[in-house]
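Numbering (the numbering used here), first residue to last: 2 to 397. Each residue gets a CB set at the ideal place from its N, CA and C atoms; glycine is no exception. Let me begin by presenting the structure, written as structure tokens, before commenting on it.
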């Protein structure tokens, strides 16, 4: 993986490479990071306020440029600037502690910038709300151009432990799907993004509960082919999505974008500092996501709870096409977990394990070191599988 901070923490380097592989420009990222090289060496937790200040300054610069471009009538230029600004601020916000007073204001600003990007850069992406247990789940819906001619397949794209629908938007995966005639629902499910930050909805083990709400809502849309709704989850979504597909039988396919077969076991490794952590202030973040009490010095109760977050005895119940995509050198989730998810999916009519190697890139966690490569592979697999399902449906 390209490591901007040679002696800095993994979490900082992961943010930089994720930004660059989600449309960030090397010059802009360098100008943000150059002043904080010393802060990186102070430790991943201590330096996050410096990280936020530096990346906010870059965001401010792009916002000013975007506003000037809009005023001059240069909508395309403005859209590109708004899009990159949303990417930069999303990565900076991701690094903050739950208790940081800047977290919620920064996230609210992200929402505003994202909407500006939709208006100028991505007019086929819109903000939507999915009804769920007396409230709603915030999401972005990318309507594929093919939907102008009738119903099309759709993917529910699911977050991980620390990502948001704004990261999904920056990844451009929705655009790869759209180019293949597939719409995309980028979801902040409970425990992630806006659902967690602004609505206080914490994660749940039985992910099929909120996933079923998404299917219910999608089935009401005239532009959706209700027989071809898939679910794709990255990082901790590699648990969320397979669990949902195992018990919500209306899903037509499933992708674990980074296997997360036994998340509880991973937490026990992380407590012993075996393997890397995805974000600074890690245990504070994890307890917040799951709505659990405790602190870093008293994790026994939480670790017992986390043992429930496993696909043991679950993957066998997936009865639709299932892809597991994993990096050979994933420093967060051992490759062995990808093999377990694949090997146990014995009732999937089409199961595939794709391991990305150092020679080709995309070998880090969810392929963040070569994200477009993994994104296009998954988009192709999804498109091919939907096409096969469509032919099978037509024949019957």
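Does DSSP classify residue i as helix, strand or coil?
i           : result
residue 192 : coil
residue 231 : strand
residue 148 : helix
residue 338 : helix
residue 347 : coil
residue 364 : coil
residue 225 : strand
residue 296 : strand
residue 153 : strand
residue 205 : coil
residue 329 : coil
residue 391 : helix
residue 164 : coil
residue 2   : coil
residue 268 : helix
residue 42  : coil
residue 370 : helix
residue 174 : helix
residue 7   : coil
residue 400 : Here the chain has residues from 2 to 397 only, and residue 400 is not among them.
residue 179 : helix
residue 376 : helix
residue 251 : coil
residue 285 : helix
residue 1   : The requested residue 1 is not part of the displayed model; the chain covers only 2 to 397.
residue 359 : coil
residue 198 : helix
residue 113 : helix
residue 104 : helix
Please look up how many angstroms separate the CB atoms of residue i and residue j, rounded, as I've assumed it's under 8 angstroms.
i           : j           : result
residue 342 : residue 312 : 6 angstroms
residue 223 : residue 182 : In fact, because the Cβ distance is near 16 angstroms, the residues do not count as touching under 8 angstroms.
residue 365 : residue 331 : 6 angstroms
residue 277 : residue 11  : 5 angstroms
residue 383 : residue 225 : Between residue 225 and residue 383 the Cβ distance is about 15 angstroms, and since that is not below 8 angstroms, they are no contact.
residue 316 : residue 346 : 5 angstroms
residue 1   : residue 310 : With the chain represented from 2 up to 397, any question about residue 1 goes unanswered, as that position is not in the structure.
residue 214 : residue 193 : Incorrect: roughly 15 angstroms between the Cβ atoms, too far for contact.
residue 262 : residue 98  : 28 angstroms between Cβ atoms; not a contact.
residue 159 : residue 233 : 7 angstroms
residue 153 : residue 145 : 5 angstroms
residue 79  : residue 70  : 4 angstroms
residue 244 : residue 208 : 5 angstroms
residue 8   : residue 42  : 6 angstroms
residue 268 : residue 307 : 5 angstroms
residue 272 : residue 304 : 7 angstroms
residue 142 : residue 184 : 7 angstroms
residue 94  : residue 85  : Contact flag wrong, Cβ pair sits at about 15 angstroms.
residue 210 : residue 23  : Not quite, the Cβ-Cβ distance comes to about 30 angstroms (not below 8 angstroms), so this is no contact.
residue 177 : residue 16  : That belief does not hold up - the Cβ atoms of residue 177 and residue 16 are roughly 22 angstroms apart, past 8 angstroms.
residue 1   : residue 96  : Look at the range of the chain in this structure, 2 to 397, and you will see that residue 1 is not part of it.
Hey, could you find the ends of the alpha helix (DSSP H) residue i is sitting in?
i           : result
residue 248 : 238-248
residue 27  : 27-34
residue 84  : 76-95
residue 99  : Note, residue 99: premise wrong, no alpha helix (DSSP H); not H, not E.
residue 402 : What the structure shows of the chain is the stretch from 2 to 397, and residue 402 is not part of that stretch, so it cannot be assessed.
residue 316 : Where residue 316 is concerned, there is no enclosing alpha helix (DSSP H), given that its DSSP letter is neither H nor E.
residue 280 : Segment: none, residue 280 is in no alpha helix (DSSP H) and carries neither H nor E.
residue 68  : 49-72
Check for me: the beta strand (DSSP E) holding residue i runs from which residue to which?
i           : result
residue 141 : 136-143
residue 133 : 126-133
Could you tell me whether any Cβ in chain D is nearer than 8 angstroms to the Cβ of residue i?
i           : result
residue 340 : In the structure shown, chain D cannot be found, because there is only a single protein chain.
Spell out the partners DSSP gives residue i in its beta bridges.
i           : result
residue 324 : 256, 353
residue 187 : 141, 158
residue 311 : 263
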